[in-house]
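One structure is given below, encoded as structure tokens.
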Amino acid sequence: MRRKNQGFPSIFPSKINPRFFDYTLFTTIIMLTITGLTFLYSSSSAISSDPAYYFKKQLVWSVFSIILMLFIAFIDLEKIRKYIPFIVIFTIFLLILTLFMPKIHKTRRWIPLGFMNLQTSELAKISFVLYISDYIDRNFTKLKDIKFFLKPLIIIGFILVLIAIEPDLGTPALIFIASLIILFVYGANIIHIIIPFILGIIAIIIELKRHSYRMDRIKILFSPWNDPTGKGFQVIQSLAAIGSGWWFGRGPGNSVMKLHYLPESHTDFIFPIIAEEIGFIGVVAIIFVFVFMFIRAYNISKNSNNSFLSILSYSSIITIIIQAFFNISMAVGLFPTKGLPLPFFSYGGSSIITTMILCGFILNTSLRRKGL
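If you want my numbering, it's the 1-based position in the sequence shown plus 7.
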């Protein structure tokens, strides 16, 4: 009997019910994206001859990213798992290639593609959550064994070293802390967590001593007014923008600090502009939305009937939230400037694409709930 031609295997699940899709989380993501575009337009309107220049570029990337997010939300990620090692290897290749690219803003963090500059450290976040989720799922009962605990950290550590060489310490710090949190949540021994944490602190101290400008950033945290027109300028201007917003802000579009008073006001330092325009009440509302998003994603992770997707969902939201925390802490002077964008808000094609891919992983998990 002739076998029926099955064609190419589909990457979409054979059985899926769209009504289980988390429309609440999806709506939250869209709201954050629209809000981010609104403030991006405001913060970038004064730095280009075309007030909408950065807005239009980010709008294109946002629409593309949302489509990509929805595509990822409905594919069968279990069928993608076997390609994770190749994704990690490809990421390492791109990170090495980045080190030979021309410098942009005195660093080698991007690969010029013509239509965009690809920031490879952003792709590393995607590889990271896929790899650590797959590894934990396959070795869940062995994580208390130091050998199985260290293996993912060694591989992740190699990736982080490549990123740090660019130089970029913000992304390695983000991924490193996220790694320890995720491993701890899924059963790793607390003593095993403390050891690499201490080693990480030592590595940071050594790196600070090797590069005086990084040590200066630490010193500026405690006394930015010692050099108000030099190294402390950006921190002081950031705090001035936040403080001038008071309770309800100057009003959308009415920021003064965006008029060339605050460098990088549309990228890493967009949060102070937001605070200046909508005030303390407004930024608390935005922070609340991030918290709501975390709770929603956590519940999706907890109620998933697929262990790999459950871990992937949790890893994705942890990465997004820690990055938002780092960015806001940097803006208010708690952390040194690290070059980490605020998810959904900061300008950057690589950043919004990465954020939406991580959101796609979470929405994908929402379709696979216990008892279904």
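Note that the Cβ used here is the ideal one computed from N, Cα and C, for glycine as well.
| Taking Cβ positions, are Ile-172 and Leu-106 nearer each other than 8 Å? | As a working mapping, residue 172 is identified with position 165 in the sequence shown. As a working mapping, residue 106 is identified with position 99 in the sequence shown. Closer than 8 Å, so yes.
| According to DSSP, what are the bridge partners of Leu-125? | Along the sequence shown, read from residue 1 onward, the residue named residue 125 stands at position 118. Paired residues: Ile-118.
| task | Just grab the DSSP bridge partners of Ile-111 for me. | result | Counting from 1 along the sequence shown, the entry for residue 111 is found at position 104. Answer is Thr-114.
| said: My output table needs one value for Arg-88: the three-state DSSP class, helix, strand or coil. | reply: Residue numbering aside, residue 88 sits at position 81 when the sequence shown is read from its first letter. In this structure, Arg-88 counts as helix in the three-state DSSP scheme.
| field | Beta-carbon proximity check, Leu-365 vs Val-136, cutoff 8 Å | value | On the sequence shown, residue 365 is found 358 positions in, with the first residue counted as 1. On the sequence shown, residue 136 is found 129 positions in, with the first residue counted as 1. Their beta carbons are under 8 Å apart, which means Leu-365 touches Val-136 by this criterion.
| task | Excluding the 5 residues preceding and the 5 following Thr-98 in the sequence, name in chain order all residues of the same chain whose CB lies nearer than 6 Å to its CB. | result | Sequence index remark: in the sequence shown, residue 98 carries index 91 (1-based). Shown here for Thr-98: same chain residues with a beta carbon closer than 6 Å to its own, the five before and five after excluded, namely Leu-130, Ala-131, Ser-134 in chain order.
| query | What is the rounded straight-line gap between the Cα of Ala-195 and the Cα of Leu-44? | reply | Looking up residue 195 in the sequence shown gives position 188. Looking up residue 44 in the sequence shown gives position 37. Taking the straight line from one Cα to the other gives about 40 Å.
| task | Express the C-alpha separation of Ser-230 and Phe-93 in angstroms, rounding to a whole number. | result | Looking up residue 93 in the sequence shown gives position 86. Looking up residue 230 in the sequence shown gives position 223. For Phe-93 and Ser-230, the distance between alpha carbons rounds to 46 Å.
| Three CB pairs or more closer than 8 Å across the stretch 39 to 54 and the stretch 261 to 268 | In short, these stretches touch, since the Cβ pair count reaches three.
| said: Measuring alpha carbon to alpha carbon, tell me which residue in Ser-251, Ile-302, Ile-294 is nearest Glu-284. | reply: Sequence index remark: in the sequence shown, residue 284 carries index 277 (1-based). For the residues Ser-251, Ile-302, Ile-294, the minimum Cα distance to Glu-284 belongs to Ser-251.
| How many angstroms separate the CA atom of Asn-12 from the CA atom of Gly-207? | Within the sequence shown, numbered from 1, the residue matching residue 12 stands at position 5. Within the sequence shown, numbered from 1, the residue matching residue 207 stands at position 200. Here the model assigns Asn-12 a pLDDT of 47, short of 50, so the residue's position is not dependable and the matter cannot be decided.
| Is the distance from the Cβ of Leu-160 to the Cβ of Pro-203 below 8 Å? | The residue labelled residue 160 in the question sits at position 153 within the sequence shown. The residue labelled residue 203 in the question sits at position 196 within the sequence shown. Closer than 8 Å, so yes.
| query | Alpha carbon to alpha carbon, what distance is there between Leu-157 and Glu-271? | reply | Residue mapping note: residue 271 aligns to position 264 of the sequence shown, counting from 1. Residue mapping note: residue 157 aligns to position 150 of the sequence shown, counting from 1. The straight-line gap from Cα to Cα measures roughly 38 Å.
| Within the chosen definition, does the stretch 118 to 127 reach the stretch 354 to 369 through at least 3 CB pairs nearer than 8 Å? | yes
| said: Tell me which residues share the same chain as Val-192 and place their Cβ nearer than 8 Å to its Cβ, disregarding the 5 neighbours each side in the sequence. | reply: Position 185 of the sequence shown, counting from 1, holds the residue named residue 192. Once the five neighbours on either side are set aside, the close Cβ partners of Val-192 are Tyr-321.
| Using the rule of at least 16 other Cβ atoms within 10 Å of the residue's Cβ for burial, across every protein chain shown, is Thr-274 buried or exposed? | On the sequence shown, position 267 is the one that residue 274 refers to. By the 10 Å Cβ count, Thr-274 comes out buried.
| field | Cβ neighbours of Ser-49 in the same chain (closer than 8 Å, five flanking residues each side left out) | value | For the purposes of this step, residue 49 is identified with residue 42 of the sequence shown, where counting begins at 1. For Ser-49, the CB contacts under 8 Å within the same chain, skipping 5 residues up- and downstream, are Pro-259, Gly-260, Ser-262, Lys-265, Ile-280, Glu-284 in chain order.
| query | How would you call Thr-127, buried or exposed, if buried means at least 16 neighbouring beta carbons within 10 angstroms? | reply | Counted from its first residue, the sequence shown places residue 127 at position 120. Classification for Thr-127: buried.
| task | From the DSSP output, in three-state form, read off Ser-373 for me. | result | Here the question's residue 373 lines up with position 366 in the sequence shown. The answer is helix: DSSP assigns Ser-373 an H, G or I state.
| said: Please identify the residue among Leu-176, Phe-33, Tyr-90, Phe-28 whose C-alpha is closest to the C-alpha of Thr-114. | reply: Position 107 of the sequence shown holds residue 114. Per the Cα distances, Leu-176.
| said: Looking at Ile-79: is its Cβ nearer than 8 Å to the Cβ of Asn-312? | reply: As a working mapping, residue 79 is identified with position 72 in the sequence shown. As a working mapping, residue 312 is identified with position 305 in the sequence shown. Taking 8 Å as the Cβ cut-off, Ile-79 and Asn-312 do not qualify as a contacting pair.
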